[in-house]
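The opening position of the sequence shown corresponds to residue -14 in the numbering used here, with each subsequent residue numbered one higher. The C-beta atom is built at its ideal place from N, Cα and C for all residues, glycine as well. Taking it in order: structure first as C-alpha coordinates, then the write-up.
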Amino acid sequence: MRTLFLLLLVGCSKSPEIQPFQGPDGVEGLETGVDEVLWVVTHLRVRNAPGPGGRFGELANTIGNDLFENPREGWLGASFRNIGRLDWWTLTAWESEEAMNAWVVSPDHATAMAEFTEIAVSGENKWIRRPASEGVMDWDTALLALEQPDFSYAR
(Lines of atoms letter the chains of each structure in order from A and count residues from 1; the text may use other names and numbers.)
(Lines give C-alpha, C1' and ligand atoms only; values in the text may rest on other atoms or scores of the structure.)
Protein backbone atom coordinates (compact mmCIF):
# COMPACT_ATOMS: atom_id res chain seq x y z
CA MET A 1 0.00 0.00 0.00
CA ARG A 2 1.36 3.39 -0.93
CA THR A 3 2.18 5.66 2.00
CA LEU A 4 0.75 9.13 2.16
CA PHE A 5 2.78 10.97 -0.45
CA LEU A 6 2.37 14.41 1.11
CA LEU A 7 3.51 13.30 4.56
CA LEU A 8 6.89 14.90 3.97
CA LEU A 9 5.29 18.17 2.92
CA VAL A 10 3.57 19.20 6.14
CA GLY A 11 6.38 21.10 7.84
CA CYS A 12 6.34 24.83 8.48
CA SER A 13 9.67 25.52 6.80
CA LYS A 14 10.08 28.57 4.56
CA SER A 15 12.27 26.45 2.29
CA PRO A 16 10.52 24.51 -0.45
CA GLU A 17 9.71 20.91 0.37
CA ILE A 18 9.46 18.83 -2.78
CA GLN A 19 8.28 15.30 -3.42
CA PRO A 20 10.06 13.97 -6.52
CA PHE A 21 8.12 13.19 -9.67
CA GLN A 22 6.69 9.68 -9.61
CA GLY A 23 4.49 7.86 -12.03
CA PRO A 24 2.11 4.95 -11.53
CA ASP A 25 3.45 2.26 -9.17
CA GLY A 26 6.04 4.69 -7.81
CA VAL A 27 8.12 4.64 -10.98
CA GLU A 28 10.50 7.59 -11.12
CA GLY A 29 10.89 9.27 -14.48
CA LEU A 30 8.58 9.61 -17.42
CA GLU A 31 7.34 6.49 -19.20
CA THR A 32 4.99 7.07 -22.12
CA GLY A 33 4.29 6.00 -25.65
CA VAL A 34 3.15 9.46 -26.83
CA ASP A 35 5.26 12.10 -28.56
CA GLU A 36 3.94 15.07 -26.56
CA VAL A 37 3.14 15.39 -22.85
CA LEU A 38 0.61 17.77 -21.30
CA TRP A 39 2.06 19.18 -18.08
CA VAL A 40 -0.26 20.96 -15.65
CA VAL A 41 1.31 23.10 -12.93
CA THR A 42 -0.98 24.45 -10.21
CA HIS A 43 -0.36 26.85 -7.30
CA LEU A 44 -2.82 27.19 -4.42
CA ARG A 45 -2.45 29.60 -1.52
CA VAL A 46 -4.51 28.72 1.56
CA ARG A 47 -5.81 30.98 4.33
CA ASN A 48 -3.65 31.70 7.36
CA ALA A 49 -6.12 30.29 9.86
CA PRO A 50 -5.87 27.57 12.49
CA GLY A 51 -4.98 24.35 10.74
CA PRO A 52 -5.32 25.28 7.03
CA GLY A 53 -2.25 23.30 6.05
CA GLY A 54 -3.56 20.23 7.82
CA ARG A 55 -6.94 20.49 6.16
CA PHE A 56 -5.38 21.09 2.77
CA GLY A 57 -3.05 18.16 3.36
CA GLU A 58 -5.99 15.89 4.14
CA LEU A 59 -7.79 16.89 0.94
CA ALA A 60 -4.65 16.61 -1.16
CA ASN A 61 -3.81 13.22 0.34
CA THR A 62 -7.28 11.95 -0.50
CA ILE A 63 -7.12 12.87 -4.17
CA GLY A 64 -3.41 12.20 -4.60
CA ASN A 65 -3.51 8.80 -2.95
CA ASP A 66 -6.52 7.88 -5.06
CA LEU A 67 -4.59 8.80 -8.19
CA PHE A 68 -1.51 6.77 -7.17
CA GLU A 69 -3.52 3.79 -5.90
CA ASN A 70 -5.96 3.77 -8.84
CA PRO A 71 -3.96 5.24 -11.74
CA ARG A 72 -6.11 6.77 -14.46
CA GLU A 73 -5.57 5.98 -18.09
CA GLY A 74 -3.33 8.64 -19.58
CA TRP A 75 -1.87 9.80 -16.24
CA LEU A 76 1.93 9.76 -16.33
CA GLY A 77 2.86 11.01 -12.86
CA ALA A 78 3.05 13.88 -10.39
CA SER A 79 5.31 15.93 -8.13
CA PHE A 80 4.29 18.09 -5.17
CA ARG A 81 5.85 21.16 -3.55
CA ASN A 82 5.03 23.42 -0.61
CA ILE A 83 6.43 26.28 1.39
CA GLY A 84 5.33 26.89 4.97
CA ARG A 85 2.01 25.02 4.66
CA LEU A 86 0.33 28.01 3.00
CA ASP A 87 1.66 27.73 -0.56
CA TRP A 88 1.13 24.41 -2.37
CA TRP A 89 2.01 23.36 -5.92
CA THR A 90 1.24 20.30 -8.00
CA LEU A 91 2.89 19.25 -11.25
CA THR A 92 1.12 16.49 -13.14
CA ALA A 93 1.83 14.89 -16.51
CA TRP A 94 -0.81 13.54 -18.89
CA GLU A 95 -0.85 11.80 -22.25
CA SER A 96 -3.71 14.03 -23.39
CA GLU A 97 -6.12 16.78 -22.44
CA GLU A 98 -8.94 14.21 -22.48
CA ALA A 99 -7.14 12.05 -19.90
CA MET A 100 -6.56 15.06 -17.66
CA ASN A 101 -10.19 16.22 -17.97
CA ALA A 102 -11.44 12.74 -17.05
CA TRP A 103 -9.48 13.01 -13.78
CA VAL A 104 -10.72 16.56 -13.08
CA VAL A 105 -14.36 15.41 -13.09
CA SER A 106 -13.70 12.22 -11.09
CA PRO A 107 -15.64 12.05 -7.77
CA ASP A 108 -12.59 12.32 -5.45
CA HIS A 109 -11.09 15.26 -7.32
CA ALA A 110 -14.39 17.13 -7.77
CA THR A 111 -15.30 16.72 -4.07
CA ALA A 112 -11.90 17.93 -2.87
CA MET A 113 -11.91 20.91 -5.24
CA ALA A 114 -15.32 22.00 -3.94
CA GLU A 115 -13.87 21.99 -0.41
CA PHE A 116 -10.74 23.88 -1.48
CA THR A 117 -12.88 26.96 -2.16
CA GLU A 118 -13.45 27.26 1.59
CA ILE A 119 -9.73 27.42 2.41
CA ALA A 120 -8.15 28.92 -0.71
CA VAL A 121 -7.06 32.53 -0.98
CA SER A 122 -5.98 32.17 -4.59
CA GLY A 123 -5.13 29.58 -7.18
CA GLU A 124 -3.74 29.42 -10.67
CA ASN A 125 -2.65 26.84 -13.18
CA LYS A 126 -0.90 26.61 -16.52
CA TRP A 127 -0.81 23.91 -19.15
CA ILE A 128 2.46 23.25 -20.92
CA ARG A 129 2.85 20.94 -23.88
CA ARG A 130 6.32 19.68 -24.64
CA PRO A 131 8.00 16.71 -26.30
CA ALA A 132 8.05 13.53 -24.21
CA SER A 133 11.68 13.08 -25.25
CA GLU A 134 12.59 15.99 -22.92
CA GLY A 135 11.70 13.86 -19.91
CA VAL A 136 10.42 15.10 -16.56
CA MET A 137 9.80 18.83 -16.30
CA ASP A 138 11.82 20.49 -13.54
CA TRP A 139 10.27 22.82 -10.99
CA ASP A 140 12.17 25.88 -12.27
CA THR A 141 10.47 25.52 -15.66
CA ALA A 142 7.09 24.86 -14.06
CA LEU A 143 7.33 27.91 -11.77
CA LEU A 144 8.44 30.10 -14.68
CA ALA A 145 5.28 29.07 -16.52
CA LEU A 146 3.14 30.30 -13.62
CA GLU A 147 4.86 33.71 -13.69
CA GLN A 148 4.11 34.32 -17.37
CA PRO A 149 0.74 35.90 -18.22
CA ASP A 150 0.46 34.14 -21.58
CA PHE A 151 3.02 31.41 -21.22
CA SER A 152 3.48 29.01 -24.07
CA TYR A 153 6.24 26.48 -24.33
CA ALA A 154 7.53 25.30 -27.65
CA ARG A 155 10.86 24.21 -29.10
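{"query": "Apply the 10 Å Cβ neighbour rule to K(-1) and answer buried if 16 or more other Cβ atoms are within range, or exposed otherwise.", "result": "exposed"}
{"query": "Taking N86 as the reference, which of L23, S64 and P9 has the closest Cα?", "result": "L23"}
{"query": "Where does the unbroken beta strand (DSSP E) through N67 begin, and where does it stop?", "result": "W60 to I68"}
{"query": "Since N86 is in the alpha helix (DSSP H), which residue starts that stretch and which ends it?", "result": "E82 to V89"}
{"query": "Compare the Cα-Cα distances from E16 to each of I68, E54, L29 and M122 and report the closest residue.", "result": "M122"}
{"query": "With R66 and I3 assumed to form a contact (beta carbons below 8 Å), what rounded beta-carbon distance in angstroms separates them?", "result": "5 Å"}
{"query": "Would you report the Cα separation of E109 and W74, rounded to the nearest angstrom?", "result": "10 Å"}
{"query": "For K111 and E43, what's the separation of their Cα atoms in angstroms?", "result": "24 Å"}
{"query": "Please return the same chain residues whose Cβ sits closer than 7 Å to the Cβ of E100, not counting the five positions on each side in sequence.", "result": "L44"}
{"query": "Return the first residue and the last residue of the beta strand (DSSP E) that K117 is part of.", "result": "Rather than Lys, the amino acid found at residue 117 in this sequence is Ala. Note, A117: premise wrong, no beta strand (DSSP E); not H, not E."}
{"query": "Between V12 and W79, is the Cβ-Cβ spacing less than 8 Å?", "result": "no"}
{"query": "When you measure from the CB of A105 to every non-hydrogen atom of the ligand PLP, does any distance come out below 7 Å?", "result": "Absence of the ligand PLP from the depicted structure is noted, as is the absence of any ligand whatsoever, leaving it without description."}
{"query": "Run through DSSP, which three-state label would G108 get?", "result": "strand"}
{"query": "List the residues that DSSP assigns as beta-bridge partners of L23.", "result": "W79 and R114"}
{"query": "To the nearest angstrom, how far is the alpha carbon of P134 from that of W88?", "result": "25 Å"}
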